[in-house]
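Down below is the structure, laid out as structure tokens.
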Amino acid sequence: MNDILELASSKNEKPFIVILDSIQDPHNLGAVLRTADGAGVHGVILPETNSAGITPVVEKVSSGASETCAGCRGYQP
Numbered sequence: 169m170n171d172i173l174e175l176a177s178s179k180n181e182k183p184f185i186v187i188l189d190s191i192q193d194p195h196n197l198g199a200v201l202r203t204a205d206g207a208g209v210h211g212v213i214l215p216e217t218n219s220a221g222i223t224p225v226v227e228k229v230s231s232g233a234s235e236t237c238a239g240c241r242g243y244q245p
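Here the sequence shown is numbered in my numbering, starting from 169 and rising by one per residue.
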């Protein structure tokens with residue numbers, strides 16, 4: 169989470185964060201990451217449980233956004 173906030177601060181911007189809940193399909197997660205990266209989101213927060221992880225499928229569908237978009241995993245809804 170600190171990385172996300174530091175990234176926004178370094179750009180002199182207010183934090184733009186997407187918080188996801190129960191995205192279980194890796195294709196959907198990849199699409200969300202790709203869209204979030206294109207929209208300028210500073211970071212994406214995923215729940216600790218009941219969510220798809222960053223897998224090779226997610227990386228492929230996200231078209232590289234999974235590498236450039238900061239992520240945080242661990243909140244419990």
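We treat Cβ as the ideally placed atom computed from N, Cα and C, and that holds for glycine.
Fully enclosed beta strand (DSSP E) runs of no fewer than 3 residues occupy 211 to 215 of the stretch 189 to 232, in order along the chain.
Residue burial annotation: residue 224 is exposed, with fewer than 16 other C-beta atoms found within 10 angstroms of its C-beta. Out of 238, 178, 170 and 228, the CA that lies nearest to the CA of residue 209 is found in 238. Closest by C-alpha distance to residue 214, out of 205, 181 and 185, is 185. Of the residues 216, 217 and 199, the one whose Cα lies closest to the Cα of residue 232 is 199. At a Cβ-Cβ threshold of 9 Å, residue 234 and residue 227 count as neighbours. Counting only the Cα atoms, residue 182 lies some 6 Å from residue 176.
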